[in-house]
Structures are given as structure tokens and as C-alpha cells.
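In the working numbering, the protein residues as written are 2 to 283.
Shown next as C-alpha cells:
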């Protein structure tokens with residue numbers, strides 16, 4: 002059962018670092034040095050991606066009213082079902098269309114070249130450099146934007162062109178250590194979007210992006226799981242879900258009153274720590 006406990010710890014790490022712009026990959030690389038699951042390498046690779054499903058369900062639960070594109074009414078028993086759909090919410094449909102547009106760059110880059118990118122860049126040096134580079138970028142951009150009023154303050158003001166540009170920044174996250182949320186939030190702020198709207202759109206973008214990545218890993222691994230592997234995967238996903246609920250609420254509250262500079266400093270410190278750890282471990 003020790004592996005189940007380790008899966009819970011990894012789920013906590015995933016649930017926090019997937020949403021805060023501090024790179025889940027960087028943390029999982031470090032965690033793997035200390036929290037080694039007694040599973041095959043192929044299962045571990047799949048596990049680290051598929052526990053993101055728990056994080057996705059947290060987004061869907063928290064933003065259900067905005068993401069569910071249909072208006073519904075309750076029947077005489079007070080129950081809502083598919084037969085009670087009575088209309089379409091234009092605002093929700095608009096969000097999904099913008100999300101689809103923003104996912105195009107990632108699909109074009111990630112799907113054909115994912116294996117090659119991992120082969121070239123999935124190492125502690127690349128992760129450390131990306132942690133530090135984007136950490137500096139957060140600090141610099143926050144300093145530049147300090148006295149500026151965002152051109153786009155809400156999701157409703159987001160155009161399809163702007164969504165596509167944010168998607169181009171998300172595509173940069175194929176480089177390990179970049180952080181998907183970090184790249185999208187940073188890119189959004191660069192083009193004049195408020196912190197709150199940038200964070201919210203980053204959450205929405207995660208749903209198809211992470212679901213697609215998880216599905217590909219499951220299909221690649223296959224469906225031949227042992228009993229303990231199912232328990233380990235479930236423990237990681239459930240923990241990731243619960244922790245993600247807290248992390249998302251924290252981030253939305255944090256950015257209303259604070260800048261992302263603190264995450265920049267954290268990224269720099271973590272990047273240096275990863276470099277030092279592996280340099281001294283050799």
C-alpha cells in the first residue's frame with residue numbers, strides 16, 4: 002500500500018502545480034527522485050499524464066455553469082436530464098469556439114512532434130532553464146504592466162484572433178519546464194489581457210488539451226492494468242481532483258489582489274534547485 006500513498010503525494014503535487022504557473026513537469030522530475038513508484042516505466046509515464054484527468058474534472062465542476070452550453074429546466078420531480086434541454090447559451094458556445102481556435106497551434110505542433118520533442122528536451126537541464134527563463138519573464142512583464150490598464154478585462158472581450166494568439170503561446174509548453182498555464186497566462190498578459198481573464202481562459206484551455214494528452218497516453222499504454230495499478234491510478238486522480246479544486250480557487254483569489262511576480266521568483270529558485278541537485282548528485 003506504500004505505492005498508493007506515494008500516488009496520493011504525486012496527486013497533491015499535480016493538483017497544485019498544474020494550475021499555478023510553476024511547471025508540473027519540473028516538480029514531478031524532482032518528486033521522482035524521492036517518491037519512486039514501484040511500477041513499470043511505461044505505467045509511470047502514463048500515470049504522470051493521466052492523473053491530469055482529475056484536475057480537468059475540477060475545472061469542469063467549478064466552471065460548469067459557464068462551460069455547459071445548454072439551458073435546461075427541471076421536470077416535475079425536480080430532476081434535470083438531456084430531455085429537458087430547452088436552449089443554447091451563446092456565451093458558453095463562444096467560449097468553446099475560442100478554446101477550439103486556441104488549441105489549433107498545439108495540435109499542429111504537439112501531435113506530430115511530441116515524441117521527438119520529449120527525446121530532445123525532456124531532461125533536467127532543459128526543465129531548469131525553462132523554469133528560470135519564464136520566471137524572469139513573469140517578473141519583467143509584471144513590472145512593465147504595473148501601471149497599465151488591461152485592454153481586455155473579461156472573457157467576453159476576448160476575440161477569436163486573441164484566442165489564437167494565446168494558443169500559440171500554449172504551444173510553447175511542449176518544451177518541458179515551460180508550464181502550460183505559465184505559457185498561456187504570460188502570453189495573454191503580453192497582449193493586454195487582465196490576470197483574472199488570462200487565468201480563467203487558461204483553465205478552459207486545459208480541458209481539451211489535457212484530456213487529449215491523457216487519452217493518447219491511455220491508448221498508447223493499453224488497457225491491461227493490474228489491480229494495484231488501477232488503485233494507484235485512481236488514488237492519484239482523485240487526489241489531483243480534490244487538490245485542484247483548492248488550487249484553482251486560490252489562484253483566482255490571489256490574482257485579484259496580487260501579481261504573478263511571486264511565481265516568477267519561485268520558478269527561478271526551483272530552477273536553480275533542480276540544477277544544483279542533479280549537478281551534486283552526479
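Just so it is clear, CB atoms sit at the ideal spot from N, CA and C, and this is done for glycine as well. The model shown is predicted, which means the values in this text are computed figures rather than measured ones.
{"Check": "DSSP three-state assignment for residue 39, whether helix, strand or coil", "Outcome": "coil"}
{"Check": "Continuous alpha helix (DSSP H) assignments of at least 4 residues falling wholly in the stretch 86-124", "Outcome": "91-122"}
{"Check": "Among 208, 135, 264, nearest to residue 55 - alpha-carbon criterion", "Outcome": "208"}
{"Check": "Contact check, residue 128 vs residue 178, beta carbons under 8 angstroms", "Outcome": "yes"}
{"Check": "Residue span of the alpha helix (DSSP H) that contains residue 220, given as start and end", "Outcome": "196-222"}
{"Check": "Alpha-carbon to alpha-carbon, residue 243 and residue 232", "Outcome": "17 angstroms"}
{"Check": "Where residue 61 falls: helix, strand or coil (DSSP)", "Outcome": "helix"}
{"Check": "As assigned by DSSP and simplified to three states, the class of residue 153", "Outcome": "strand"}
{"Check": "Beta-bridge pairing of residue 72 - partner residues as DSSP gives them", "Outcome": "88"}
{"Check": "Beta-carbon separation (whole angstroms), residue 222 vs residue 43, contact threshold 8 angstroms", "Outcome": "6 angstroms"}
{"Check": "Neighbour-count burial assignment, residue 17, 16 or more Cβ in a 10 Å radius", "Outcome": "buried"}
{"Check": "Three-state secondary structure (DSSP) of residue 47", "Outcome": "helix"}
{"Check": "Limits of the alpha helix (DSSP H) - the one that residue 271 falls within", "Outcome": "262-282"}
{"Check": "At least three beta-carbon pairs within less than 8 angstroms, the stretch 140-154 to the stretch 190-200", "Outcome": "yes"}
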